[in-house]
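Peer 1:
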RNA sequence: GCGCCCUUAGCUCAGUUGGAUAGAGCGACUGACUACGAAUCAGUAGGCCGGGAGUUCGAAUCUCUCAGGGCGCACCA
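Residue numbers (our numbering): 16 to 587.
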């Protein structure tokens, strides 16, 4: 049980005991006061009861405090402050015993069950397989992966999913781009007479990662007809309706999918439980069936030769086409089928992580979800804001059209996976992020990721040193924890004790950045403590107690870093 | 034109259900190495929480309005 829960329960019991005649009482909420002199926890319950009971909040508070029955010895004492806050001060013994729990639970410390096994599907990245991942995708990946880890830790049953948009026009556009590059490889003069396809993908990867591979016959996943591509009349190379375009596009997409998954693997080992292909939804007629299902329910009508989803019935500002005049299905149609498939699997909650530029798309998908009878509040879209890379204090210019952009892999190669992950999680996901590449590489305290990892390495170093001096990490029985009586030491213990609550709050609010902030705050506290306090002293008992403390810190730091997919180095 | 998000210290940002004197980091300035990692630490300065109105015991937080910035408004994906 969380420390906070135990305290909440004690206060709740006292509230009931103080006012037994009241049928219903508002729940007790505890907060951590910003000001440390206001205790370890504070509650405003007396103030919220004041209007209901028509009494002075301070009187109510006094009564509640009087009726507190704390047999376990968690609460040292309470103070009534200001307009009627109850400030709660915990006993030092109770706090110190948290260290025992950390040493017992090790990597499990921080786990909780606020999720109650609720099944959650988190879909993230889902970048189109028409090009490499760029920095924006990297942020989505960092957020999604961390959220999945955090929610798992908090007791949710998490499924991680990637949706491949491997069908439609963009794949054919990729196909004509590939065909053009293949032709160019085979006939060096080709590009002089025929211009590059208008909607084509200009990036070098089309040439280097796809066309060269296919031209060499190296990919066998989807066979392409090289002879046909090379014998096409030159003006038809840009014809995206040609079968060769689709085949080459699919072959190229397969190659890109591999590259994307590899980049994610390199990014702190991001993997997925489920990968859903859009093409497959079409091939298995899931999309057609979903439209039929919507038709049966009366959500579809025909106008101007197209089929429309009546999304305005569900809060959208206009109805949306699902089947075009030419008989082809829209992207939305497939996406509805895709979400139906997820819902049919029975998830309690669906979380989609999208780039913020897709926000206009939410009402129609939410509408479709509501139309399927799913509670729309269980469908969450996290919109991840854009990233600006800075080098030398100046934004790095990127243009998707010309194919000049910095890929996620480039950033990983330059600053490392750990720093990239940390930087992507240094802000709330919904605020724009400035990513300073120079800062991310620095090995000084200015660089937050370094500063945090250094805390871990430093602790490891001290523990090694202690061991060399014949002071191995003591067991709980050999430690006199009451020697940890410095203010800094108790503060550090409080930090560690709050970790499970941080995880819980982070999971419930779906805000991974809270873990990053927690780590930075803890690092400040630790480095400061280290600087004014010697861990290894002539006093063996005191040294043992302090070693026990810093070993606890090490465990919590490692657990927190793991939640955001970052290594906890023993040496740097 | 309509819709969504944003505006907090010089810069980049936190601020959990509305709570007490609004917090960090960076940058700036002043200090600390016979040391378990100075790859660090201690201290100082810096604010009308974009403006205005409302809701209430109480607002950075909720509502309205105005200004400034970003992003969307396809039978594209």
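The C-beta atom is built at its ideal place from N, Cα and C for all residues, glycine as well.
Could you pull the start and end residues of the beta strand (DSSP E) that residue 136 belongs to?
Peer 2: Here the beta strand (DSSP E) through residue 136 covers 134 to 138.
Peer 1: Skipping 5 residues on each side, what residues in its chain have a beta carbon closer than 7 Å to that of residue 350?
Peer 2: Cβ neighbours of residue 350 beyond the five flanking positions: 380.
Peer 1: Helix, strand or coil, according to DSSP, for residue 402 in the structure here?
Peer 2: Strand.
Peer 1: DSSP beta-bridge partners for residue 370?
Peer 2: Per DSSP, 399.
Peer 1: Is residue 450 closer than 7 Å to residue 402 when the C-beta atoms are compared?
Peer 2: Closer than 7 Å, so yes.
Peer 1: DSSP state of residue 475, grouped into three classes?
Peer 2: Helix at residue 475.
Peer 1: Does residue 131 come out as helix, strand or coil in the three-state DSSP assignment?
Peer 2: If DSSP states are grouped into helix, strand and coil, residue 131 belongs with coil.
Peer 1: In the structure shown, what three-state DSSP assignment does residue 531 receive?
Peer 2: If DSSP states are grouped into helix, strand and coil, residue 531 belongs with the helices.
Peer 1: Which residue wins for smallest C-alpha separation from residue 215, given the options 556, 104, 195?
Peer 2: Closest option to residue 215, Cα to Cα, is 195.
Peer 1: May I have the straight-line CA-CA distance separating residue 573 from residue 117, to the nearest angstrom?
Peer 2: Taking the straight line joining both Cα atoms gives about 12 Å.
Peer 1: Would you check if there are 3 or more beta carbon pairs closer than 8 Å linking the region 375 to 392 to the region 354 to 363?
Peer 2: Touching, yes, given that three or more Cβ pairs across the two stretches are closer than 8 Å.
Peer 1: Is the separation between the beta-carbon of residue 244 and that of residue 259 shorter than 7 Å?
Peer 2: Yes, these two residues count as a Cβ contact at 7 Å.
Peer 1: For residue 299, report the span of its beta strand (DSSP E) as first-last.
Peer 2: Note, residue 299: premise wrong, no beta strand (DSSP E); not H, not E.
Peer 1: May I ask you to report which of helix, strand or coil DSSP gives residue 444?
Peer 2: Note: residue 444 maps to coil in three-state DSSP.
Peer 1: Name the residue from 549, 252, 199, 524 whose alpha carbon lies nearest to the alpha carbon of residue 188.
Peer 2: Of the candidates 549, 252, 199, 524, the one whose C-alpha sits nearest the C-alpha of residue 188 is 252.
Peer 1: Just how far apart, CA to CA, sit residue 475 and residue 486?
Peer 2: Spanning the two alpha carbons is a distance of roughly 14 Å.
Peer 1: Taking the Cβ atom as the reference point for each residue, do residue 567 and residue 511 lie within a distance shorter than 7 Å?
Peer 2: Yes, they are a contact pair.
Peer 1: In whole angstroms, give me the CA-to-CA distance for residue 203 and residue 218.
Peer 2: For residue 203 and residue 218, the distance between alpha carbons rounds to 18 Å.
Peer 1: Does DSSP put residue 490 in a helix, in a strand, or in coil?
Peer 2: Correct three-state label for residue 490: coil.
Peer 1: Would DSSP call residue 410 helix, strand or coil?
Peer 2: Of the three classes helix, strand and coil, the one that applies to residue 410 here is strand, per DSSP.
Peer 1: In terms of residue numbering, what span does the alpha helix (DSSP H) encompassing residue 426 cover?
Peer 2: Note, residue 426: alpha helix (DSSP H), 423 to 430.
Peer 1: Tell me which residues share the same chain as residue 391 and place their Cβ nearer than 7 Å to its Cβ, disregarding the 5 neighbours each side in the sequence.
Peer 2: Same-chain partners within the cutoff: 381, 384, 385.
Peer 1: If you run the structure through DSSP and keep just helix, strand and coil, what is residue 112?
Peer 2: Three-state result, residue 112: helix.
Peer 1: Ignore the nearest five residues each way along the sequence and tell me which others in residue 364's own chain have a CB closer than 6 Å to its CB.
Peer 2: Around residue 364: 135, 393.
Peer 1: Could you pull the DSSP bridge partners for residue 292 from this structure?
Peer 2: For residue 292, which the question treats as bridged, DSSP gives the partners 179.
Peer 1: Drop a sphere of 10 angstroms on the beta-carbon of residue 569, count the other beta-carbons inside from all chains shown, and report buried for 16 or more, exposed for fewer.
Peer 2: Flag for residue 569 reads buried.
Peer 1: Quick one: complete alpha helix (DSSP H) runs, 4+ long, within the region 231 to 277?
Peer 2: Segments of the alpha helix (DSSP H) lying fully in the region 231 to 277: 241 to 246.
Peer 1: When the Cα atoms are used, what is the spatial distance from residue 324 to residue 94?
Peer 2: The alpha-carbon atoms of residue 324 and residue 94 are separated by roughly 60 Å.
Peer 1: Is it true that the CB of residue 60 sits closer than 7 Å to the CB of residue 43?
Peer 2: Yes, these two residues count as a Cβ contact at 7 Å.
Peer 1: In three-state DSSP terms, what is residue 365?
Peer 2: Of the three classes helix, strand and coil, the one that applies to residue 365 here is strand, per DSSP.
Peer 1: Give the straight-line distance between the Cα atoms of residue 223 and residue 231, rounded to the nearest whole angstrom.
Peer 2: Each residue's Cα considered, the two are about 11 Å apart.
Peer 1: Using the Cα positions of residue 346 and residue 183, report the straight-line distance between them to the nearest angstrom.
Peer 2: Computed Cα separation, rounded: 8 Å.
Peer 1: Where does the unbroken alpha helix (DSSP H) through residue 506 begin, and where does it stop?
Peer 2: Counting along the chain, the alpha helix (DSSP H) containing residue 506 begins and ends at 502 to 524.
Peer 1: Give the DSSP-derived three-state secondary structure of residue 124 in the structure shown.
Peer 2: Note: residue 124 maps to coil in three-state DSSP.
Peer 1: Beta-carbon within less than 8 Å of residue 488's beta-carbon, same chain only, minus the 5 sequence neighbours each way: which residues are those?
Peer 2: These residues qualify, in order along the chain: 478, 481, 482, 562, 563, 566.
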